[in-house]
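Novice:
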Amino acid sequence: AGKPVVCADFSPPQSLLDHAKNLSASLHLMSRDFGYSVADEFLWNWWNSGTQFSLQPLPQLPLPSLAAALQVACILGLDLSVLDAFPRLAALRVPGRFQTLQWRERQVILDVAHNPAATAYLVERLKQSAASGSKIHGIVAMMADKDRAQSLANLKGQVSYWYIADLSFIPRAATVEQLRQNLVDLGVDAEFSGSVAECLQVAYSNSAAGDRILVFGSFYTVAAGLQALVATTE
-5 AGKPVVCADF SPPQSLLDHA KNLSASLHLM SRDFGYSVAD EFLWNWWNSG TQFSLQPLPQ
55 LPLPSLAAAL QVACILGLDL SVLDAFPRLA ALRVPGRFQT LQWRERQVIL DVAHNPAATA
115 YLVERLKQSA ASGSKIHGIV AMMADKDRAQ SLANLKGQVS YWYIADLSFI PRAATVEQLR
175 QNLVDLGVDA EFSGSVAECL QVAYSNSAAG DRILVFGSFY TVAAGLQALV ATTE
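In my numbering, the protein residues as written are -5 to 228.
Written out as structure tokens, the structure reads:
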């Protein structure tokens, strides 16, 4: 009882709220007890009930996660105003989380986003880093037990061309036809389907210098993408 719980979800399920209440936990909620806002492409603000900071530049890691981590630091009694941590936040990286690589005059973005919340955040990052006239070629493969429909719907307005990667060697993976039907239901169709490596090659051929290639949908998809990129740059 009384243990602090920090939730980074903007809309936590009622079951979580009820369970925290049953445990008499000290619940710290996003947008109620702490939060953040993005001022522009360089500056973001973090706040809680007693503190507010303006920070720059924007970090690569998801802002909800960083906002929650800073709240935890406050709960632990750390004085954030004297920490030298803020400038270093922008340097933090997690492989497979909006990881960017330059490949044959194309920027390749690898992101393990596999649920609606993650793809919604991915859309924010894509918009923040968008270049005028640049198109996005999306390579996707997901697990069958994920909310594929809403995850893909979030990206419909960002991805210009779709390629379905075949992960049939993974028992949990959604089939190519399942993913194709999800896209058809959204009013779009895939240009090509094949292995992640094959999709990368076709996306490269179909794209122009300055376009971006997005590889997303699962850890397996990103791992295959990284393997293919390394193999073709050696």
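Just so you know, even glycine gets a beta-carbon here, dropped at the ideal spot from N, CA and C.
Give the secondary structure of residue 213 by DSSP, where H, G and I count as helix, E and B as strand, and everything else as coil.
Specialist: helix
Novice: Could you give the DSSP three-state label for residue 108: helix, strand or coil?
Specialist: DSSP places residue 108 in coil when its eight states are reduced to three.
Novice: Taking the runs of the alpha helix (DSSP H) that are 4 residues or longer, which of them lie wholly in the region -5 to 30?
Specialist: Taking only runs of at least 4 residues, the alpha helix (DSSP H) segments lying wholly in the region -5 to 30 are 8 to 16.
Novice: Using a 10 Å radius around the Cβ and a threshold of 16 neighbouring Cβ atoms, would you call residue 151 buried or exposed?
Specialist: So residue 151 ends up on the exposed side.
Novice: May I ask you to list the residues that DSSP assigns as paired with residue 157?
Specialist: Beta-bridge pairing links residue 157 to 133 and 186.
Novice: Anyone know if the C-beta pair for residue 103 and residue 208 falls short of 7 Å?
Specialist: yes
Novice: Indicate the three-state DSSP secondary structure (helix, strand or coil) for residue 94 in the structure shown.
Specialist: strand
Novice: From the DSSP secondary-structure annotation, give me the bridge partner or partners of residue 48.
Specialist: 39
Novice: Considering only C-alpha positions, which residue in the set 25, 212 and 218 is nearest to residue 140?
Specialist: 212
Novice: Just to confirm the assignment, what range does the alpha helix (DSSP H) spanning residue 145 have?
Specialist: Counting along the chain, the alpha helix (DSSP H) containing residue 145 begins and ends at 142 to 149.
Novice: Does DSSP put residue 207 in a helix, a strand or coil?
Specialist: Strand, per DSSP.
Novice: I need the straight-line Cα distance from residue 177 to residue 186, nearest angstrom please.
Specialist: 12 Å
Novice: Nearest to residue 193 by CA position, among 210, 179, 109 and 165, is which residue?
Specialist: 210
Novice: Using CA atoms only, rank isn't needed, just tell me which of 202, 190, 91 and 214 is closest to residue 226.
Specialist: Closest by alpha carbon: 190.
Novice: Give me, in chain order, the residues of the same chain whose beta-carbon lies closer than 6 Å to that of residue 105; leave out the 5 immediate sequence neighbours on both sides.
Specialist: Hits under 6 Å: 92, 116 and 210.
Novice: When DSSP labels each residue in this structure, what does residue 100 get in the three-state scheme?
Specialist: strand
Novice: What is the residue span of the alpha helix (DSSP H) that residue 59 lies within?
Specialist: 57 to 69
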